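**Student:**
Numbering (the working numbering), first residue to last: 143 to 240.
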């Protein structure tokens, strides 16, 4: 049994999100899974190594306001029977308001 290590409450995030490699002009699109004040989970067809820095743009799950935050990939796993990846990123800087 794995122990839950998250300190912040997570909220379901089933809508689209955009991400951008730090320093790049191009955006990628993905589907969010969950979000908290300290990080985000999402699925992507693109592989990102751990420690990759991304800029995320996503709509708040309740207020529908747009959130923009810089995050660092902290885990990656392959989605079973798929060519997509599940990823988790922690936000860098102060916690965002959820």
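Even for Gly, the Cβ is constructed at its ideal location relative to N, Cα and C.
Predicted, not measured: the structure shown is a model, and the values here were computed from it.
To the nearest angstrom, how far is the alpha carbon of residue 207 from that of residue 199?
**Tutor:** If I take the Cα positions, the gap works out to 10 Å.
**Student:** Does the beta-carbon of residue 235 have 16 or more other beta-carbons within 10 angstroms, so that it is buried, or is it exposed?
**Tutor:** It is exposed - the Cβ of residue 235 has fewer than 16 other Cβ atoms within 10 Å.
**Student:** Among residues of its own chain, excluding the 5 on either side of residue 193, which ones have a beta-carbon nearer than 7 Å to its beta-carbon?
**Tutor:** Cβ neighbours of residue 193 beyond the five flanking positions: 214, 215.
**Student:** Less than 7 Å between the beta carbons of residue 170 and residue 188, yes or no?
**Tutor:** Contact flag set, yes.
**Student:** Return the Cβ separation of residue 157 and residue 230 in integer angstroms, given the expectation that the two are a contact with Cβ distance under 8 Å.
**Tutor:** The Cβ separation is near 17 Å, so there is no contact.
**Student:** Is residue 223 helix, strand or coil by DSSP?
**Tutor:** Of the three classes helix, strand and coil, the one that applies to residue 223 here is coil, per DSSP.
**Student:** Run the CB neighbour count on residue 165, radius 10 Å, all protein chains shown included, and call it buried at 16 or more, exposed below.
**Tutor:** With fewer than 16 Cβ atoms within 10 Å of its Cβ, residue 165 is classed as exposed.
**Student:** Note down, in chain order, each residue of its chain lying with its Cβ closer than 6 Å to the Cβ of residue 195, except the 5 sequence neighbours on either side.
**Tutor:** Same-chain partners within the cutoff: 164, 214.
**Student:** In the DSSP assignment, what are the bridge partners of residue 178?
**Tutor:** Answer is none; residue 178 lacks a bridge partner.
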